[in-house]
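A.B. asks:
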Amino acid sequence: MKTRFMRAAGAVLLMLTPFSVTAGGLQVTDPWVRTAPPNAPALAAFMKLENHTGTELSIVDARTTLAVDHIELHRTTMVDGIMKMTPQTAIPVAAHSTTLLKPGSWHIMLISPQKVPLSGESVELTLILSDGSEQKVIAIVRKGKMMMND
Amino acid sequence: MENTNLQRGFGISLICIGLLLLLSGCQGADEKPVTEMATVLPQAKKMTDFQLINYGAENFSNDSTKGQWSLFFFGYTRCPDVCPTELYMLAELIRRIEENPSSLAQAPQVVFVSVDPQQDKPQALRDYAQFYHPSILGVTGQQSVVDQLTRTMGAFYERVYHLNGEILVFNVEDGVPQGLENSYLINHSATIFLLNPDGDLHAIFSSPHDPDVMLRDLAAIQSAWN
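Chains as they are written, first to last, in our numbering: chain A, 1 to 150; chain B, 1 to 226.
1) Which same chain residues end up closer than 6 Å to G54/A when comparing Cβ atoms and leaving out the 5 residues on each side of it in sequence?
2) What residues of chain A sit near H133/B, judged by a beta carbon separation below 9 Å?
3) Does S206/B pass the burial test, meaning 16 or more other C-beta atoms within 10 Å, or should it be called exposed?
4) Excluding the 5 residues flanking D200/B on each side, which residues of the same chain have their C-beta closer than 8 Å to its C-beta?
5) Quick check: what's the CA-CA separation for Q135/A versus A90/A?
6) Looking only at DSSP bridge pairs, what is I186/B linked to?
7) Identify whether T86/A lies in helix, strand or coil by the three-state DSSP scheme.
8) Could you check whether the Cβ of G18/B sits closer than 7 Å to any Cβ belonging to chain A?
9) By alpha-carbon positions, which one of L215/B, S183/B, E58/B ends up nearest to A91/B?
10) Please list the partners that L43/A has in chain B, where partner means a Cβ-to-Cβ separation under 8 Å.
11) Looking only at DSSP bridge pairs, what is T99/A linked to?
12) With a cut-off of 8 Å on the beta carbons, I'd call T150/B and V115/B a contact; round off their distance for me.
13) From W225/B to L129/A, what distance separates their C-alpha atoms?
14) For a contact meaning CB atoms closer than 9 Å, what does T77/B contact in chain A?
15) With H74/A and M47/A assumed to form a contact (beta carbons below 8 Å), what rounded beta-carbon distance in angstroms separates them?
16) Can you look up S133/A in the DSSP assignment and give me helix, strand or coil?
17) Compare the C-beta of F72/B against all C-beta atoms of chain A and say whether one is closer than 7 Å.
18) Figure out for me which residue from S133/A, P37/A, L49/A has the closest Cα to the Cα of V141/A.
19) Considering D198/B, what are the terminal residues of the beta strand (DSSP E) in which it resides?
20) Can you list, in chain order, the residues of its chain with a C-beta nearer than 8 Å to that of S265/B? Leave out the 5 residues immediately preceding and following it.
21) Could you check how far apart the C-beta atoms of E290/B and G75/B are, in whole angstroms? I think they sit under 8 Å.
22) If you follow the alpha helix (DSSP H) that I97/B is in, where does it begin and where does it stop?
23) Rounding to the nearest angstrom, what Cα-Cα distance links I210/B and L101/A in this structure?
24) M109/A versus chain B: which residues are under 9 Å apart at the beta carbon?
25) Among all the DSSP beta bridges, which residues are the ones paired with P92/A?
26) Applying the criterion that 16 or more other CB atoms from any shown protein chain within 10 Å of the CB defines a buried residue, is L118/A buried or exposed?
27) Out of curiosity, what's the CA-to-CA distance linking H202/B and T35/B?
28) Rounded to whole angstroms, what is the Cα-Cα separation between L93/B and T35/A?
29) Could you pull out every residue in the same chain whose Cβ sits closer than 8 Å to the Cβ of Q130/B, ignoring the five residues on either side in sequence?
30) Which term fits T76/A, buried or exposed, when burial requires 16 or more other beta carbons within 10 angstroms of its beta carbon?
31) For D30/A, report the span of its beta strand (DSSP E) as first-last.
32) I think E56/A touches P87/A, with their Cβ atoms under 8 Å apart; what is that distance to the nearest whole Å?
33) What is the DSSP secondary structure of V68/A, reduced to helix, strand or coil?
34) Counting only the same chain and skipping the five closest in sequence on each side, list residues whose C-beta sits under 6 Å from that of A107/B.
35) Between which two residues does the beta strand (DSSP E) harbouring L41/B extend?
36) Output, in chain order, the set of chain B residues within a Cβ distance shorter than 8 Å of G144/A.
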């Protein structure tokens with residue numbers, strides 16, 4: 001009971017506090033995983049990446065403590081009215097600029113989760129950067145935004 | 001003299017008929033719904049026969065679309081981005097109609113058709129669709145039936161295989177190299193298709209979608225429907 005309360009309180013705290021972490025010049029804000037059906041074969045993680053350095057940084061891989069088959073970096077683009085999702089070798093963040101991972105665009109794909117996390121739970125992600133550094137972030141699970149243009 | 005009167009009378013009749021035709025034409029134009037996002041077909045398109053599986057219920061066929069409006073969206077459950085976005089949007093649309101039932105003459109049924117029956121088994125597909133809203137139907141069927149339906153509606157999809165950074169497109173029926181069978185993603189249109197209560201394709205909603213705009217367009221289309 002107490003554990004459940006603590007978990008709920010933690011979730012509320014996470015929801016109220018826009019998560020932001022900076023390491024090695026890359027600031028990660030508001031990481032989140034979209035809620036999905038219990039039998040969803042894949043999940044998507046989104047966040048805002050801000051590069052405060054004078055050199056381009058990239059996410060080249062990611063790990064998670066969530067039991068998944070594997071993780072891929074993806075980008076959705078619309079070409080002639082067709083939504084194309086393409087695996088990426090990296091998610092780049094140009095010097096002094098921002099890359100937004102959002103529905104309908106860049107995202108981190110968590111493939112074949114053993115158990116789909118519930119809304120309000122959190123997922124630990126470790127982002128692996130092109131300079132070899134790693135950045136741990138806690139993504140809150142929440143409902144997806146409706147619009148691709150958000 | 002009599003002849004002249006006759007001619008004059010005939011001429012006036014012709015003008016009246018012309019005016020009537022013109023007015024009736026104008027009236028027809030006025031009846032065409034004014035929509036913000038939807039493209040209403042000049043003439044509704046007949047659907048070819050189809051029969052899909054709706055797990056736990058009767059088969060989903062042309063008859064299932066008769067007597068009510070239907071919104072169709074094509075996708076697949078391994079799609080982590082576009083399909084959830086669209087399903088959330090459609091669920092939001094349904095909730096708005098539920099909250100304000102008088103906003104529409106009739107709430108449409110929402111149908112999520114999986115173009116990937118190889119992976120999306122009927123029961124899992126139903127559970128997946130119902131997560132977004134209990135009323136959303138998740139249906140699929142034989143690949144050839146799904147393909148025929150997408151062609152008739154004008155939806156598009158293609159399986160794309162990824163091998164060492166290379167993108168390959170195969171036709172499933174032509175066979176896929178061994179080991180690559182499950183390593184595909186599906187590119188697909190994000191269009192939503194509206195069928196009228198006759199079961200004919202009536203309008204299309206191109207992406208991106210907004211539930212408020214869709215609701216207003218549906219109301220306009222339904223009120224113009226005879």
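The beta carbon of each residue, even a glycine, is placed where N, CA and C say it ideally should be. Note that this is a predicted model, so its numbers are computed, not measured.
C.D. replies: Put simply:
1) Same-chain partners within the cutoff: A95.
2) Going along chain A, no residue has its Cβ under 9 Å from H133/B, so there is no contact; the nearest lies around 11 Å.
3) Exposed, by the Cβ-count rule.
4) Excluding five sequence positions before and after D200/B, the CB atoms of its chain that fall closer than 8 Å to its own CB belong to A44, K45, K46, M47, given in chain order.
5) The straight-line gap from Cα to Cα measures roughly 15 Å.
6) DSSP output for I186/B lists R159/B as bridge partner(s).
7) Strand.
8) Because the pLDDT of G18/B is 44, which lies under 50, any placement of that residue in the model is unreliable, and the number read from its coordinates should be weighed accordingly. Not a single CB atom of chain A sits nearer than 7 Å to the CB of G18/B.
9) For A91/B, the closest alpha carbon among the candidates L215/B, S183/B, E58/B is that of L215/B.
10) Residues of chain B passing the Cβ test: P80.
11) In the DSSP assignment, T99/A is bridged to L49/A.
12) Yes, they are in contact, since the Cβ atoms of T150/B and V115/B sit about 7 Å apart, within 8 Å.
13) Computed Cα separation, rounded: 56 Å.
14) By Cβ distance, chain A contributes P37, N39, A40, P41, A42.
15) Actually they are not in contact, since the Cβ atoms of H74/A and M47/A sit about 14 Å apart, beyond 8 Å.
16) If DSSP states are grouped into helix, strand and coil, S133/A belongs with coil.
17) Not flagged as an interface residue toward chain A: F72/B, since no C-beta distance is shorter than 7 Å.
18) It is P37/A.
19) In the DSSP assignment, D198/B falls outside any beta strand (DSSP E), carrying neither H nor E.
20) The displayed coordinates of chain B run from 1 to 226. Any statement about residue 265/B would go beyond what the structure contains.
21) Missing from the structure shown is residue 290/B; chain B here goes from 1 to 226 and no further.
22) It spans 82–99 - the alpha helix (DSSP H) in which I97/B sits, taken as one unbroken run.
23) The amino acid at residue 210/B is misidentified as Ile; the sequence shows Asp. About 20 Å.
24) The answer, in chain order, is P80, D81.
25) Partner(s): S58/A.
26) With fewer than 16 other beta carbons inside 10 angstroms of its own, L118/A counts as exposed.
27) Roughly 13 Å separates the two Cα atoms.
28) Each residue's alpha carbon lies about 18 Å from the other.
29) Cβ within range, chain order: I136, G138.
30) By the neighbour-count rule (16 or more Cβ atoms within 10 Å), T76/A is buried.
31) Taken as a continuous stretch (DSSP letters only), the beta strand (DSSP E) holding D30/A covers 26–34.
32) 20 Å between Cβ atoms; not a contact.
33) Looking at V68/A - three-state DSSP - the assignment turns out to be coil, as it is neither helix nor strand.
34) Excluding positions up to five away in sequence, the list reads I97.
35) Boundaries of the beta strand (DSSP E) harbouring L41/B: 38–45, taken from the DSSP string.
36) Within 8 Å Cβ-Cβ: P84, T85, Y88.
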